[in-house]
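The sequence shown runs 0 to 433 under numbering that gives the first Met the number 0. C-beta atoms are modelled at their ideal positions from N, C-alpha and C, and glycine is treated no differently. Beneath this line is the structure, given in structure tokens, with notes to follow.
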Amino acid sequence: MTTQQPLYQAKKFFLLTCFAGFFLAVHAQIPDHIYKPNIHTIKFHKLGDIYSYPIIGLNSADQLELHFDDMDADVKNYYYTFQLCNADWTPANLPGFDYLRGFQTIRITDYRNSSIAFTRYTHYQARFPERNMIPTRSGNYLLKVFLNSDTSALYFTRRFLVVDNRVAITSVIRQPFSSKFFLTDQRVHVIVSSAAAKINIMSPQDIKVSVLQNNIWTTAAFLNRPTVYRGNYFEYNDDGTSFQSGREWRWLDLRSLRLMSDRMQNLIDTNDRRTDVIVKPDAERKQQIYMYYRDLNGIYTIENTDGYNPWWQSDYAYVHFTFVPPGGRAYPGKDVYVFGELTNYSPDNGSRMDFNTEKGIYEKTLYLKQGYYNYSYITLDAGRTSGNRFSFENTEGNFTNTENVYTVLVYYRPFGARADELIGMNQLSTLTDR
Numbered sequence: 000m001t002t003q004q005p006l007y008q009a010k011k012f013f014l015l016t017c018f019a020g021f022f023l024a025v026h027a028q029i030p031d032h033i034y035k036p037n038i039h040t041i042k043f044h045k046l047g048d049i050y051s052y053p054i055i056g057l058n059s060a061d062q063l064e065l066h067f068d069d070m071d072a073d074v075k076n077y078y079y080t081f082q083l084c085n086a087d088w089t090p091a092n093l094p095g096f097d098y099l100r101g102f103q104t105i106r107i108t109d110y111r112n113s114s115i116a117f118t119r120y121t122h123y124q125a126r127f128p129e130r131n132m133i134p135t136r137s138g139n140y141l142l143k144v145f146l147n148s149d150t151s152a153l154y155f156t157r158r159f160l161v162v163d164n165r166v167a168i169t170s171v172i173r174q175p176f177s178s179k180f181f182l183t184d185q186r187v188h189v190i191v192s193s194a195a196a197k198i199n200i201m202s203p204q205d206i207k208v209s210v211l212q213n214n215i216w217t218t219a220a221f222l223n224r225p226t227v228y229r230g231n232y233f234e235y236n237d238d239g240t241s242f243q244s245g246r247e248w249r250w251l252d253l254r255s256l257r258l259m260s261d262r263m264q265n266l267i268d269t270n271d272r273r274t275d276v277i278v279k280p281d282a283e284r285k286q287q288i289y290m291y292y293r294d295l296n297g298i299y300t301i302e303n304t305d306g307y308n309p310w311w312q313s314d315y316a317y318v319h320f321t322f323v324p325p326g327g328r329a330y331p332g333k334d335v336y337v338f339g340e341l342t343n344y345s346p347d348n349g350s351r352m353d354f355n356t357e358k359g360i361y362e363k364t365l366y367l368k369q370g371y372y373n374y375s376y377i378t379l380d381a382g383r384t385s386g387n388r389f390s391f392e393n394t395e396g397n398f399t400n401t402e403n404v405y406t407v408l409v410y411y412r413p414f415g416a417r418a419d420e421l422i423g424m425n426q427l428s429t430l431t432d433r
């Protein structure tokens with residue numbers, strides 16, 4: 000063995016280690032996922048609009064704001080970066096320098112310890128894009144927050160969109176084609192015209208369409224082939240864009256932990272500074288007459304009537320949910336979940352309810368910050384912890400008159416390109432776009 004061989008082996012090992020670390024950092028990521036248990040109450044929306052979804056225009060002055068709490072109640076060096084993704088949220092095959100102008104990572108320097116509240120935490124917030132890091136391409140982006148500028152020490156991810164509106168989109172709410180779903184589902188009829196977009200369409204698969212109900216990716220419809228295609232005309236008109244209608248979301252007012260709101264059955268404060276909120280038992284609603292009322296379509300807002308600033312002067316409480324099935328019997332072959340932004344729209348172990356055989360009820364306790372919450376109950380085949388084939392049928396019922404908001408996203412990949420561009424977005428409501 001020559002003296003150069005150990006050096007060669009060391010260099011080879013170093014390069015393989017770096018490549019493996021890069022591969023894991025880029026590919027082993029889950030959108031809208033929390034990796035560390037100390038992270039709570041992530042809110043990500045347009046600047047100044049707590050009810051909005053994080054969508055900005057390419058090369059615009061739009062900004063987003065991020066809020067989250069670290070329950071360790073100390074100060075950490077959190078950094079963030081943006082990862083460009085394709086229409087299906089797989090990482091784009093591009094280095095960061097091809098879609099980010101400026102630095103590749105930015106430290107979050109705006110933080111404050113909780114005050115007035117019994118619960119100790121550190122609240123972090125940030126605004127972006129800012130001049131030190133700006134997306135230069137349209138598309139799906141993943142916000143990644145990590146520790147000490149180490150991208151492998153990932154704490155959580157959140158999706159956001161950068162859109163460059165170049166195509167004309169027409170979308171209308173229709174009844175499904177199948178008469179079986181006339182009274183329970185809603186279908187989105189989408190027409191895309193690229194005549195004025197100045198793009199080179201070589202096949203109908205060059206355009207992809209995603210349709211979101213209430214901005215929930217768990218149930219999103221992905222379409223890569225139009226029903227009708229004529230040059231610059233793309234029409235998507237089948238049951239592939241049909242969604243369960245559900246019904247208006249249930250609500251819970253936690254803006255005050257001193258006074259009981261209408262949905263609280265009991266409010267318990269203990270000497271160890273713990274607050275427990277017992278929510279009034281919920282029951283099936285599928286047999287109830289449909290009634291429209293204004294809701295938040297599944298999201299929650301951080302609000303506080305007990306203090307001045309809701310972000311760092313709000314407290315946390317253990318909130319106990321109860322669902323009473325008919326006859327006090329568990330649904331055979333089904334699991335019941337608390338569903339909404341409060342559980343990250345994820346039917347998993349963190350949102351699955353436990354059935355109490357003695358009381359004949361489903362129970363779940365969530366650790367929530369003061370605010371106003373929307374939620375629903377869903378069922379999923381027993382034993383499944385992922386997937387989007389859940390149902391509102393048993394717990395909430397499906398009513399075609401339910402108010403839902405739909406977002407249509409249009410993607411395009413030029414010939415030879417390595418990433419999908421987001422070239423159009425349209426939003427419509429069932430109240431006005433039928």
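Beta-carbon contacts of residue i that lie in its chain and below 8 angstroms, excluding the five residues immediately before and after
i    : result
I33  : I41, Y154, F155, N343
Q426 : V404, Y405, T406, V407
K358 : G327
V25  : Caution applies to V25, whose pLDDT of 45 falls short of 50 and renders its modelled position unreliable; the value that the coordinates give is listed next. Correct list, in chain order: Q82, P90.
R417 : A91, N92, L93
G239 : A220, L222
Close beta carbons around residue i, own chain, < 6 angstroms, minus the five adjacent residues each side
i    : result
A86  : K207, Y410, D419
E64  : L46, R126
R106 : Y78
F21  : Note on F21: pLDDT 42, under 50, position unreliable in the model; no value is reported.
I190 : T169, E234
I115 : G306, Q312
K363 : F320, V337, M352
L15  : The predicted position of L15 is uncertain, since its pLDDT is 40 and thus under 50; a value taken from the coordinates is nonetheless stated next. Correct list: empty, nothing qualifies.
Q62  : L46, R126
I267 : D275
H122 : D68, R111, W310, W311
T300 : I49, G370, Y371
Sequence-distant residues of the same chain with beta carbon closer than 7 angstroms to residue i, five excluded per side
i    : result
F242 : D184, Q185, Q212, T218
N265 : I277
R254 : E302, N303, T304, Q369, G370, Y371
K75  : D69, L146
A381 : G332, K333, D334
R157 : D31, I41, F43, L142
F12  : Residue confidence is low: F12 scores 40 on pLDDT, short of 50, so the model does not pin down where it sits. No coordinate-derived value is stated.
Nearest-angstrom beta carbon gap, residue j and residue i [assumed within contact, 8 angstroms]
i    : j    : result
V335 : T394 : 7 angstroms
M424 : N164 : 7 angstroms
D205 : R412 : 6 angstroms
N231 : S192 : 6 angstroms
A220 : V227 : With a Cβ gap of about 17 angstroms, A220 and V227 do not count as contacting.
V341 : L365 : The sequence shown places Leu at residue 341, rather than the Val named in the question. At roughly 6 angstroms, the Cβ-Cβ gap stays under 8 angstroms, so L341 and L365 are in contact.
Y120 : A72  : 5 angstroms
Y291 : E402 : 6 angstroms
F322 : I360 : 7 angstroms
Counterpart residues of residue i in DSSP-defined beta bridges
i    : result
M201 : Beta-bridge pairing links M201 to no other residue.
F221 : S209
S241 : R186
W250 : N373
P90  : C84
F338 : S375
V323 : A282
A125 : L65
A316 : L367
E362 : T321, D353
N477 : Residue coverage of the chain in this structure runs from 0 to 433, which leaves residue 477 outside it and unanswerable.
S192 : A167, Y232
P134 : L99
L440 : Residue 440 lies beyond the stretch modelled for the chain, which goes from 0 to 433, so this question has no answer here.
F117 : In DSSP, F117 forms no bridge with anything.
S428 : V404
T300 : Y371
R328 : Paired residues: none, contrary to the question.
M263 : V278
Residue i Cβ short of 6 angstroms to the ligand ATP heavy atom set
i    : result
V335 : The ligand content of the structure shown is nil, which means the ligand ATP is not present either.
Entirely enclosed beta strand (DSSP E) segments - the segment 375-426, minimum 3 residues: 404-411, all fully within the segment 375-426.
When you compare the segment 124-144 with the segment 89-103, are there three or more beta-carbon pairs, one atom per stretch, that lie closer than 8 angstroms? Counting Cβ pairs under 8 angstroms, three or more are found: they touch.
Closer than 8 angstroms is the cut-off here; do at least three beta carbon pairs connect the segment 361-380 with the segment 239-258? Touching, yes.
Counting pairs of beta carbons, one from the segment 53-68 and one from the segment 167-181, are three or more of them closer than 8 angstroms? Because the criterion of three Cβ pairs below 8 angstroms is not met, the segment 53-68 and the segment 167-181 do not touch.
Mind the definition here: the segment 273-286 touches the segment 388-402 only if three or more C-beta pairs lie below 8 angstroms; say whether that holds. Taking 8 angstroms as the limit for Cβ pairs, the verdict is that the segment 388-402 does touch the segment 273-286.
Could I get the ranges of all uninterrupted beta strand (DSSP E) runs contained in the segment 34-73, with 3 residues as the minimum, in chain order? Every beta strand (DSSP E) stretch that sits fully inside the segment 34-73 and reaches 3 residues is listed by chain position as 38-45, 54-56, 63-69.
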